[in-house]
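S.K.: So the sequences go chain by chain: A and B.
Heads up: the first sequence at position 383 corresponds to 383 in UniProt numbering, and the numbers run straight through without jumps.
Heads up: the second sequence at position 118 corresponds to 118 in UniProt numbering, and the numbers run straight through without jumps.
Note that the Cβ used here is the ideal one computed from N, Cα and C, for glycine as well.
Number of protein chains: 2
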Amino acid sequence: MQRLRHYMPILQWGRSYTRESFSNDMIAAVIVTIMLIPQSLAYAMLAGLPPEAGIYASIAPILLYAVFGTSRALAVGPVAVVSLLTASAVGQVAEQGTAGYAVAALTLAFLSGGFLVILGILRLGFLANFLSHPVIAGFITASGILIATSQLKHILGVSAHGHTLPEMLGSLLSHLGQINIWTLLIGVAATAFLFWVRKGMKPFLLSKGLTPKLADVLTKAGPVAAVFVTTVLVWMTGLSDHGVKIVGAVPQSLPPLTMPGLDPSLVKSLLLPAILLSIIGFVESISVAQTLAAKKRQRIDPDQELIGLGAANLGAAFTGGYPVTGGFARSVVNFDAGAETPAAGAFTAIGLAIAAVALTPLIYYLPAATLAATIIVAVLSLVDFSMLGKTWRYSKADFIAVMATILLTLTMGVEVGVASGVIVSVMLHLYKTSRPHVAEVGQVPGTQHFRNINRHDVETHPSVLSLRVDESLYFVNARVLEDLILSRVTDGCAIRHVILMFSAVNAVDFSALEALEDLNDRLRDMGVKLHLSEVKGPVMDKLRATHLISHLTGQIFLSQYDAWETVRPKPTIAV
Amino acid sequence: MQRLRHYMPILQWGRSYTRESFSNDMIAAVIVTIMLIPQSLAYAMLAGLPPEAGIYASIAPILLYAVFGTSRALAVGPVAVVSLLTASAVGQVAEQGTAGYAVAALTLAFLSGGFLVILGILRLGFLANFLSHPVIAGFITASGILIATSQLKHILGVSAHGHTLPEMLGSLLSHLGQINIWTLLIGVAATAFLFWVRKGMKPFLLSKGLTPKLADVLTKAGPVAAVFVTTVLVWMTGLSDHGVKIVGAVPQSLPPLTMPGLDPSLVKSLLLPAILLSIIGFVESISVAQTLAAKKRQRIDPDQELIGLGAANLGAAFTGGYPVTGGFARSVVNFDAGAETPAAGAFTAIGLAIAAVALTPLIYYLPAATLAATIIVAVLSLVDFSMLGKTWRYSKADFIAVMATILLTLTMGVEVGVASGVIVSVMLHLYKTSRPHVAEVGQVPGTQHFRNINRHDVETHPSVLSLRVDESLYFVNARVLEDLILSRVTDGCAIRHVILMFSAVNAVDFSALEALEDLNDRLRDMGVKLHLSEVKGPVMDKLRATHLISHLTGQIFLSQYDAWETVRPKPTIAV
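#1: Can you find the residues in the same chain that come closer than 8 angstroms, C-beta to C-beta, to I350(A), ignoring five residues on each side of it along the sequence?
#2: Among I147(B), M8(B) and M26(B), which has the Cα closest to the Cα of M45(B)?
#3: Flag V528(B) as yes if its beta-carbon sits less than 8 angstroms from any beta-carbon of chain A, otherwise no.
#4: Suppose the cutoff is 7 angstroms on Cβ atoms and the five residues either side in sequence are ignored; what does the same chain contact list for F347(B) look like?
#5: Could you spell out the range, first to last residue, of the beta strand (DSSP E) harbouring E534(B)?
#6: For a test of the three-state rule: what should DSSP assign to V8(B), helix, strand or coil?
#7: Using a Cβ-Cβ distance under 8 angstroms, would S395(A) count as near chain B?
#8: Around the Cβ of I179(A), are there at least 16 other Cβ atoms within 10 angstroms (buried) or fewer (exposed)?
#9: Taking K199(A) as the reference, which of L210(A), I186(A), S40(A) and D216(A) has the closest Cα?
#10: Mind checking the region 373–391 of chain A against chain B and listing, in chain order, the residues whose C-beta falls within less than 9 angstroms of any C-beta there?
#11: If I follow the unbroken beta strand (DSSP E) through E440(A), where does it start and stop?
#12: Do the region 350–362 of chain A and the region 207–222 of chain A meet, that is, are 3 or more Cβ pairs less than 8 angstroms apart?
#13: Name the DSSP bridge partner or partners of M501(A)?
#14: Would you kindly check if the distance between the Cβ of A401(B) and the Cβ of S425(B) is under 8 angstroms?
#15: Assuming L430(A) contacts A397(A) (C-beta within less than 8 angstroms), just tell me the rounded distance between them.
#16: Please determine, among G537(B), F510(B), M501(B) and S550(B), the residue with the shortest C-alpha to C-alpha distance to Q560(B).
#17: Distance, Cα to Cα, R455(B) vs G537(A)?
#18: Within 8 angstroms, do at least three Cβ pairs link the region 330–337 of chain B to the region 31–40 of chain B?
#19: Since N454(A) is in the alpha helix (DSSP H), which residue starts that stretch and which ends it?
#20: Express the C-alpha separation of L532(B) and T18(A) in angstroms, rounding to a whole number.
#21: Taking the C-alpha atoms as reference points, what is the distance between L270(B) and G77(A)?
#22: Would you report the Cα separation of R568(B) and R488(A), rounded to the nearest angstrom?
#23: Anything in chain D within Cβ reach of T566(B), meaning under 8 angstroms, just list it in chain order.
#24: I want to verify the contact list: residues of chain A whose CB lies under 9 angstroms from the CB of S559(B), in sequence order.
#25: Under 7 angstroms Cβ to Cβ from Q443(A), same chain only, skipping five residues before and after it: list those, please.
#26: Kindly indicate if chain A contains any beta-carbon less than 8 angstroms away from that of F335(B).
#27: Output needed for A128(A): all residues of its chain with C-beta closer than 7 angstroms, excluding positions within five of it in sequence on either side, in chain order.
#28: By the DSSP assignment, the alpha helix (DSSP H) with M168(B) in it spans what residues?
#29: Count the C-beta pairs between the region 503–520 of chain A and the region 544–553 of chain A that are closer than 8 angstroms, then say yes if the count reaches three, no if not.
#30: Three or more C-beta pairs under 8 angstroms: does that hold for the region 163–171 of chain B against the region 182–189 of chain B?
#31: Return the Cβ separation of D470(A) and H437(A) in integer angstroms, given the expectation that the two are a contact with Cβ distance under 8 angstroms.
#32: Can a CB atom of chain B be found closer than 8 angstroms to the CB of F126(A)?
#33: Would you say A311(B) and I300(B) are within 8 angstroms of each other, going by their C-beta atoms?
#34: Comparing the C-beta of H551(B) with each C-beta of chain A, is any distance below 8 angstroms?
#35: Check distances from the C-beta atoms of the region 461–493 of chain A to those of chain B and list, in chain order, the residues that come in under 8 angstroms.
#36: Could you tell me the alpha carbon to alpha carbon distance between S150(A) and V250(A), rounded to whole angstroms?
Following this line, the structure appears as structure tokens:
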């Protein structure tokens with residue numbers, strides 16, 4: 001039972017669910033539902049899927065996450081970046097608008113869900129750490145630009161395509177002649193209105209004397225107003241006969257039971273994108289969940305989150321959806337609206353199910369331009385170049401990683417972009433550790449503390465070379481250290497003792513062990529003793545049984561101070 | 001001039017060349033030439049090239065290395081592993097025996113030479129460090145097995161093919177019916193004889209009363225004897241008419257002037273193999289050079305070695321050869337024979353040139369089985385599984401890397417094998433650093449030294465949590481540390497001060513900086529102060545201007561002792 005409760009957090013919070021929690025969750029659900037209807041339609045369009053897929057993807061996944069997830073406030077469903085990744089991955093195996101495209105999207109959700117659940121069971125949540133924060137920030141910014149650009153065609157009313165910025169811009173430019181003036185007017189007006197809703201509406205309403213609470217709710221309903229007004233406008237004026245693209249007929253139905261395609265060649269070509277999408281989705285989701293949990297001093301279990309998100313994606317795969325994850329905007333709204341438990345998500349799911357059955361005829365005349373405006377306004381808030389400045393000031397290596405991620409995402413597509421970001425980060429890290437910082441240290445007078453001779457006023461002796469090695473020793477830097485020490489000893493001919501201060505050596509791998517054995521032999525031939533000091537427990541445990549220790553010409557000291565006191569020549573004391 | 005001398009070491013040692021050095025170099029050259037003739041023919045066969053390519057590849061490259069290389073004893077030419085890599089790479093773009101095959105081999109040498117020279121000029125020799133010693137050992141062992149297996153067809157006299165162990169064995173088994181009995185007899189006899197030459201001949205000759213020096217020279221000449229005897233045998237008995245494959249007509253010529261093919265599609269498909277081959281060849285060469293240089297207290301400059309090897313490969317590309325590198329066997333023979341300067345190599349080249357012009361008709365009847373025996377006996381000495389045992393005892397991560405390299409090289413081919421070895425090593429290293437060891441430390445009584453409370457008898461106080469972080473902080477482990485500290489603080493409610501002892505933190509990247517800022521904020525909310533101690537110079541330089549330092553709730557101390565003395569509650573002193 002304890003075990004089951006671990007894997008299904010609902011059994012914990014469900015037992016103490018109160019009437020008060022219920023009413024708070026209910027209010028949050030209503031607000032989130034109103035916000036989600038246009039957003040779900042818009043993201044489905046971004047993913048290249050029919051609008052109902054966005055609503056379906058918000059129903060079963062929310063329910064499943066409520067059962068398996070650990071975050072109290074996270075709202076799972078279609079999000080911008082994952083929708084873009086879906087369009088990019090599925091676009092490579094099927095044509096938009098075909099049945100194969102929708103099936104491939106289900107397969108992608110299925111593979112992603114399976115992968116996340118497996119990671120969760122194997123407790124491999126730490127893999128997400130390979131995406132460094134600067135890389136994520138760069139990727140999100142570049143994705144925001146890509147997404148906004150991809151929606152310009154709906155605002156202009158032209159047909160354009162492409163998965164990278166140059167492709168999209170080129171395609172847009174070559175189709176500029178086809179601009180539909182009515183679409184453009186609706187699109188620009190909707191975009192301008194939504195920007196105002198986001199920035200200027202709340203202060204405006206407050207200045208008109210509304211209560212903050214009411215102003216808040218009205219602001220949240222802004223996108224719904226845009227949807228309503230433009231739909232009615234197109235319906236009354238018959239602009240859809242003048243080239244304004246509309247959503248059209250959407251089936252009135254609860255989420256259907258669907259089967260992802262499991263054809264081996266389809267699975268093979270979607271597997272890598274599914275893994276990438278899963279990791280990116282997970283990273284986005286967990287960072288939102290942790291931010292919100294921290295505000296209420298709750299804890300998130302990353303491995304259980306993997307299972308929760310995985311279950312949500314499996315749910316999407318079998319109910320006509322597409323890959324989902326925990327979204328920032330919807331989760332924050334849920335949290336701010338007072339959601340207390342995952343039950344709020346369940347109520348949202350019910351609200352959306354009602355919308356799917358009852359409201360879809362009402363959006364027949366909804367213009368695609370309005371949805372595009374919704375997306376553009378939402379994603380432009382993701383675009384944030386400040387990470388470039390911050391990393392430039394702090395660390396050039398991080399800056400290079402961000403820059404590479406942004407440029408490659410924009411020019412080579414989302415998958416190449418994020419994969420390159422990870423590879424560049426790892427390579428730069430290895431490069432840094434391949435040239436270890438080695439400081440010659442001496443005793444800080446009057447203490448037992450030893451610091452760099454170039455930075456501090458310290459005591460040394462020409463016959464003793466004390467070196468603090470500032471890196472774990474492993475294959476990438478094993479030889480470098482050996483070369484460095486040998487050339488130092490060759491230059492300083494008075495040296496009789498070399499003390500390697502291992503306080504910063506956290507591991508010694510086999511290649512480094514061999515290099516140290518070699519160093520010991522060479523120093524012995526030169527009449528120099530090799531000592532080690534401050535070797536840490538875990539490192540000493542491994543070294544104990546080796547040839548290095550049994551043949552070490554010098555000793556191993558607990559502290560650098562002991563080593564120094566033992567080997568330095570003592571001043572002769574006059575009796 | 002100084003600069004030129006740096007890039008052409010010949011200008012240094014050439015000025016002080018003496019008559020005595022000349023005679024020593026001459027003797028070494030004669031011995032090496034005798035050994036190289038059968039070896040060059042055999043390795044060319046292994047690479048799938050006509051026998052003369054092996055001799056040509058030993059002439060210009062040796063001369064060029066003599067000009068640009070830094071090792072006094074290294075002998076450059078065809079070697080087993082590089083020949084195998086050549087066969088694998090070129091076999092993917094052309095059919096053996098065609099003109100395209102030979103041209104592709106030239107192209108491979110050209111690309112490899114160019115790549116090495118560029119690395120050398122950019123001083124990127126450290127890249128070779130990414131191949132850890134266990135991975136190299138595993139790769140060499142697996143290559144030895146692959147090479148020996150690939151030669152079995154010549155011993156059996158059947159036609160078989162394949163680039164992996166299962167392919168080769170399967171192909172051999174399915175052709176077993178075609179065994180040529182005469183070939184088999186010659187092959188087995190030659191192999192047995194050569195094994196005896198290697199293991200038993202020298203003791204035998206010594207027991208017969210020969211001087212060690214003479215016994216040594218005769219042992220070196222063993223392969224030549226095998227070549228001579230089997231050639232004469234086939235010539236006299238006419239066995240070549242009974243299915244015994246022979247070398248046949250070899251052009252009598254100095255190395256011809258050739259042009260590598262530079263067709264873009266050829267270059268594109270050979271580029272990656274060329275890079276891999278260059279790095280493996282360089283690693284083999286530099287480790288031989290360093291071993292020999294250490295014996296005479298000479299120094300090897302890795303970056304200059306890249307230029308020397310690169311020049312040798314460019315030379316091979318334009319004189320009918322194929323990729324070359326510094327070989328272990330030939331270099332050791334050269335060294336033991338008393339070679340003093342690279343001039344010994346030049347004399348060897350002259351000897352081989354004479355052989356190419358004058359001796360090739362004599363090997364018309366040389367059986368391929370004899371060459372195969374030469375290769376098998378040479379490479380089986382490379383097979384050494386002891387690395388598996390050594391790494392198993394010392395470090396499981398290294399063991400996994402060796403095992404993966406051996407298994408993947410045998411089953412998936414040389415390129416996949418070595419690439420996987422590198423990737424597995426890097427991943428395991430990152431995995432280890434992703435879960436940093438964090439020790440709670442206390443004061444070793446009577447000293448200013450702080451060690452792990454679980455391993456040493458130390459003094460602590462419930463209100464102070466001193467943690468020594470045993471890893472550089474970067475994106476892979478940034479969050480892990482934060483989680484760990486927060487859960488420790490949540491468990492120990494008396495804690496008022498957290499001191500992070502940064503003696504083992506060699507770098508803090510941007511992701512980790514953000515995690516620390518976050519930690520500082522969260523601890524502040526819990527009423528706990530965060531202090532840092534023993535922050536190293538390079539780390540402090542970067543942290544100085546950050547939000548973390550300006551908002552740190554605690555202080556930064558030079559030593560852990562200072563920190564402890566400052567923050568621990570003092571016992572009240574009774575007056």
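M.R.: Quick look at the numbers:
#1: Here the set comprises A29.
#2: Closest option to M45(B), Cα to Cα, is I147(B).
#3: Not an interface residue.
#4: The answer, listed in chain order, is D25, M26 and A29.
#5: Here E534(B) belongs to no beta strand (DSSP E), and DSSP marks it neither H nor E.
#6: Sequence inspection shows Met at residue 8(B); the Val mentioned does not correspond to that position. Residue state, collapsed to three classes: coil.
#7: Yes, contact with chain B.
#8: I179(A) is exposed by the Cβ-count criterion.
#9: With distances taken between Cα atoms, K199(A) lies closest to D216(A).
#10: So the list reads M387, K390 and T391, given in the order they occur along the chain.
#11: In this chain, the beta strand (DSSP E) harbouring E440(A) covers H437 to Q443.
#12: Here the region 350–362 of chain A makes no contact with the region 207–222 of chain A; the two share fewer than three CB pairs at distances below 8 angstroms.
#13: Partner(s): R468(A) and S533(A).
#14: It is a contact, given that the beta carbons lie within the stated cut-off.
#15: Between A397(A) and L430(A) the Cβ distance is about 11 angstroms, and since that is not below 8 angstroms, they are no contact.
#16: With distances taken between Cα atoms, Q560(B) lies closest to M501(B).
#17: Here the alpha carbon of R455(B) sits roughly 7 angstroms from the alpha carbon of G537(A).
#18: Output reads yes: the region 330–337 of chain B touches the region 31–40 of chain B.
#19: Neither: N454(A) is in no alpha helix (DSSP H) and is coded neither H nor E.
#20: The alpha-carbon atoms of T18(A) and L532(B) are separated by roughly 45 angstroms.
#21: Taking the straight line joining both Cα atoms gives about 46 angstroms.
#22: Distance between the alpha carbons of R568(B) and R488(A) is about 41 angstroms.
#23: Of the chains in the structure shown, none is chain D; the protein chains are A and B.
#24: Simply V444, T447, Q448, H449 and R451.
#25: Closer than 7 angstroms at Cβ, skipping near neighbours: F450, V458, E459 and W564.
#26: The beta carbon of F335(B) does not come within 8 angstroms of any beta carbon belonging to chain A, so the residue lies off that interface.
#27: Contacts found: I279, F282, V283 and I286.
#28: According to the DSSP assignment, M168(B) belongs to the alpha helix (DSSP H) that extends over L165 to S174.
#29: The region 503–520 of chain A vs the region 544–553 of chain A: in contact.
#30: Contact fails: fewer than three Cβ-Cβ distances are below 8 angstroms.
#31: Contact annotation, D470(A) with H437(A): C-beta distance approximately 4 angstroms; criterion of less than 8 angstroms satisfied.
#32: At a cut-off of 8 angstroms, the C-beta of F126(A) has a neighbouring C-beta in chain B.
#33: The answer is no: Cβ separation not under 8 angstroms.
#34: Closer than 8 angstroms: no.
#35: Only those residues of the region 461–493 of chain A whose C-beta falls short of 8 angstroms from the nearest C-beta of chain B are listed: D470, E471, S472, Y474, F475, V476, N477, A478, R479 and V480.
#36: The alpha-carbon atoms of S150(A) and V250(A) are separated by roughly 23 angstroms.
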